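Encoded as structure tokens, the structure appears first; notes follow it.
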Amino acid sequence: MTDKPPRRDEIVPDVDHPAHARTKPLLRHRRRPPVGPLQVLAAWLGAFLGIALVAAMVEVLPRLHLLVIGSFGASAVLLYGAPRAPFSQPRNLIGGHLISALVGVACFKYLPDVAVLKEAMAVATAIALMVATHTIHPPGGATALIAVIGPPAVHDLGWGYVFPVLTGAVLMLFVALISNNLYQRGSYPDRWD
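According to the working numbering, the sequence shown is numbered sequentially starting from 3.
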């Protein structure tokens, strides 16, 4: 008996079988393209400026009832860290947050006062509507959930919750249009539709 680990070809034999043909590409090591310092700086700068702009607007214009909601952090990861991803495109960002905010408020206001029902229904319905409208933006799930489980300040806004959500998303998109094009030479967004 040897302590040497088995070779890859001993674990995954090179056989000619339809099932193996489908899984073999998944098992290969793929090299990731290198990430340059300008790309890292643009992602950092975009995230910093996007969140800072939303937070500054909250401080400067308190009468507008703007909010920094947790899902903006996740949107920042997509917008500035993975700007070419389908979920990072403007339609997905704006549409996903809009649908999710509306669904979250509706679930909070109109469903029976059963927390589990409201929370699950808000997220599931937001996802279903984002899928149906081709506006999937994963942070939208959190936007819907925040409308249900958020603090009284969120609940007091009622339908007004939609305004700070959309305002924040638009401000972050504005920053993305600038910061993402620093290193991609005008290639963000990939599409507007």
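For each residue, glycine too, the CB sits at the ideal point set by N, CA and C. All values reported here derive from a predicted model rather than from experimental measurement.
DSSP, reduced to helix, strand and coil, places ILE129 within a helical segment of the structure shown.
By the neighbour-count criterion, in which a residue is buried when 16 or more other Cβ atoms sit within 10 angstroms of its Cβ, HIS139 is buried. A distance below 8 Å separates the beta carbons of TYR82 and ASN182. Contact between GLY52 and ALA144 does not hold, since the beta-carbon distance rounds to 16 Å and is not under 8 Å.
Take the alpha-carbon of GLN91 and the one of THR137: they are about 9 Å apart. Taking a contact as a CB-CB distance under 8 Å, the pair MET59 and GLY98 does not count as one, their CB atoms being some 20 Å apart.
In the DSSP assignment, HIS67 falls outside any alpha helix (DSSP H), carrying neither H nor E. In the DSSP assignment, HIS139 falls outside any alpha helix (DSSP H), carrying neither H nor E. Taking each of ARG193, ALA84, PHE110 and LYS111 in turn and checking the Cα distance to ALA44, the smallest one comes out for ALA84.
Contact holds between the region 144-153 and the region 100-115, because three or more Cβ pairs, one in each stretch, are under 8 Å apart. Our two residues, LEU173 and LEU55, have alpha carbons roughly 7 Å apart in a direct line. If you look at TRP161, you'll find it isn't in any alpha helix (DSSP H); DSSP assigns it neither H nor E. Counting other Cβ atoms within 10 Å of its Cβ, PRO191 reaches 16 or more and is therefore classed as buried. A Cβ-Cβ separation of about 6 Å places LEU159 in contact with HIS67 under the 8 Å criterion. According to the DSSP assignment, VAL37 belongs to no alpha helix (DSSP H), since it is labelled neither H nor E. In the DSSP assignment, ASN182 falls outside any alpha helix (DSSP H), carrying neither H nor E.
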